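Numbering (the numbering used here), first residue to last: 4 to 346.
Below, the structure written as structure tokens:
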């Protein structure tokens, strides 16, 4: 009702004025029950005009009809408001239900995002740990290579010193032999010259024979000594070359093995439950390092782990190849290694 009056203030004012007019008419209406008093000289005559009761009743009825119409309108408006309120309540209930569903979906999304974030964090930490381990192994390999290189340099220096020492000894020996030869020849000449006058023909022939035999013996001895020195030098050089080649092959094999293992591990997707597992893998390679065949020759006992290792080797194609032709031939004949991610 108050809402209706607030929307129709003019009707409120008209109703109040109508009631005030009725009150005035009732107040000034002649009461026939009172006795009629004669009009005296001291009475002030008031000019009044009687109101037509029928018109008044018609007006009142008209006002009442207007009030009823307004009341009906107000009731209809109230019903419309009630219906609108009910519809609003229903919409609010529906919106509340939808909000609850949205809130539930948002909570589920938050949980899913939190789970994914935790999983990504775990994977990032695992990757960080793997990279740190790889870096540590790479540094160890680098230190080993540096130590090997240093040892090779020391061996080369030692070989050069021994070679120089051998050359110096050989030069001293040749000098001593020349001096001895010169001295012997000088003595022989002096002796021959002394005896020449006594035994001219025989001494001269004997001297020539002795000189020839001595020269031949010296030549044979010298040739034997030189042949032995050359053989010893060639044997030492061959031994050093073989040792140097073996050390180079070992160093390059360690380097290439580390590179192959690192590349395979980068392409390996760890399956669930693979902790502590390892397997032996045989790989046939082409000339350029292309993977021709992969076989697990010693299983880890977990088929998923074995398949993941085979897939990682194929994804790592081509694999690094050594520079040495000897190692390349060995790699093409077949490469066997143990895949142990925990090592």
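Ideal Cβ positions, reconstructed from N, Cα and C, are used throughout, including at glycine. A quick note: this is a predicted structure, and the numbers were derived from the prediction, not measured.
Among the options, nearest to residue i - alpha-carbon criterion
| i | options | result |
| --- | --- | --- |
| residue 301 | 340, 158 and 295 | 340 |
| residue 284 | 71, 224, 232 and 309 | 309 |
| residue 336 | 194, 288 and 112 | 288 |
| residue 378 | 123, 82 and 338 | No statement about residue 378 is possible, as the shown extent of the chain runs from 4 to 346 and does not include it. |
| residue 329 | 320, 249, 272 and 269 | 249 |
| residue 314 | 286, 68 and 333 | 286 |
| residue 184 | 108, 88, 220 and 130 | 220 |
| residue 345 | 137, 180 and 175 | 137 |
| residue 173 | 228, 111 and 19 | 228 |
| residue 320 | 269, 331, 303 and 332 | 269 |
Local conformation of residue i per DSSP, three classes
| i | result |
| --- | --- |
| residue 298 | strand |
| residue 276 | coil |
| residue 260 | helix |
| residue 201 | coil |
| residue 233 | helix |
| residue 75 | helix |
| residue 90 | helix |
| residue 320 | coil |
| residue 326 | coil |
| residue 33 | For residue 33, the predicted structure reports a pLDDT of 46, less than 50, and the residue's modelled location is therefore unreliable. The matter cannot be settled from this model. |
| residue 254 | helix |
| residue 306 | helix |
| residue 291 | coil |
| residue 311 | helix |
| residue 70 | helix |
| residue 81 | helix |
| residue 345 | coil |
| residue 140 | helix |
| residue 207 | helix |
In DSSP terms, what residue i is bridged to
| i | result |
| --- | --- |
| residue 286 | 297 and 338 |
Sequence-distant residues of its chain with Cβ nearer than 8 Å to residue i (five each side left out)
| i | result |
| --- | --- |
| residue 132 | none |
Residues of its chain near residue i, where Cβ-Cβ distance is below 7 Å and the 5 sequence neighbours each way are ignored
| i | result |
| --- | --- |
| residue 343 | 281 |
| residue 322 | 263, 266, 288, 292 and 294 |
| residue 44 | Because the pLDDT of residue 44 is 48, which lies under 50, any placement of that residue in the model is unreliable, and the number read from its coordinates should be weighed accordingly. Around residue 44: no qualifying Cβ. |
| residue 279 | 345 |
| residue 232 | 173 |
Under 9 Å between C-beta atoms of residue i and residue j
| i | j | result |
| --- | --- | --- |
| residue 1 | residue 327 | With the chain covering only 4 through 346, there is no way to say anything about residue 1. |
| residue 305 | residue 276 | yes |
| residue 362 | residue 236 | This structure cannot speak to residue 362, because the chain is shown only from 4 to 346. |
| residue 62 | residue 17 | no |
| residue 186 | residue 195 | no |
| residue 158 | residue 247 | yes |
| residue 202 | residue 209 | yes |
heavy atom of the ligand ATP below 8 Å from residue i C-beta
| i | result |
| --- | --- |
| residue 129 | This structure lacks the ligand ATP, and indeed carries no ligand of any kind. |
Interface flag, residue i vs chain D, CB-CB below 9 Å
| i | result |
| --- | --- |
| residue 93 | Given the protein chain composition of this structure (a single chain), no chain D is represented. |
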